[in-house]
Each structure stands twice: as structure tokens, then as C-alpha cells.
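Taken in order, the sequence shown gives residues 1 to 83; the numbers are from UniProt numbering.
Ideal Cβ positions, reconstructed from N, Cα and C, are used throughout, including at glycine.
Single-structure report; data block below.
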Amino acid sequence: MEATAREFNQQAARMLSAAERGETVAVTKNGRHIATLVPADQAAPVPPFPTDAMGEADDLPLFDGPPDLAERADEYLAEGFGQ
1 MEATAREFNQ QAARMLSAAE RGETVAVTKN GRHIATLVPA DQAAPVPPFP
51 TDAMGEADDL PLFDGPPDLA ERADEYLAEG FGQ
């Protein structure tokens, strides 16, 4: 089955039902193939993603800047504005 992006947007439930029945839906935009909706049993496996947004504790960034940025804020601002 083929559908335009607009058709897919307006008839998503119908397209999902078609995929559930085992059909593959090719989605096009301006005549160019942009996506393929496939049944779940034919799809590539989705790798697990980390649930911790920062990652492992070993991967945390280290900050070596001044301990109190407020002390140097005027200096940084003056440099930024070319003074």
C-alpha cells in the first residue's frame, strides 16, 4: 500500500490497521518516499535506551571553571562585548 504524508496524517488509524493485518505502507511526500510502516513482527528490533539521562556516574562531565563565576562575571561580560 502507498499513501501520501497527508493521507497518512488523516487516515493513520486505517494505515495502522493495514500494518496490523500484515501490509506494508510506503509513505511519500511530494512524490519522494520518506517512510515505511511495517508490521511489528517484520520490523528491525529497537535497541534499549538508557533511562538515566546523564548516563553512568563515570561519564559525568567535569567542570574546571572558577568556583564562583559571579566573581568574574563582569570580566567575562566585558570580554564578550569587546571592552
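Assigned with DSSP and collapsed to three states, A44 falls in coil, not helix or strand.
In the three-state DSSP reduction, R21 falls in the coil class, being neither helix nor strand.
Nearest to G22 by C-alpha distance, out of A40, P45, F81, Q11, is A40.
By the Cβ neighbour-count rule, A19 is buried, with 16 or more other Cβ atoms within 10 Å of its own.
Residues of the same chain with a CB within less than 6 Å of the CB of T4, apart from the 5 flanking positions on each side, are T28 in chain order. By the 16-neighbour rule on beta-carbons within 10 angstroms, M15 is buried.
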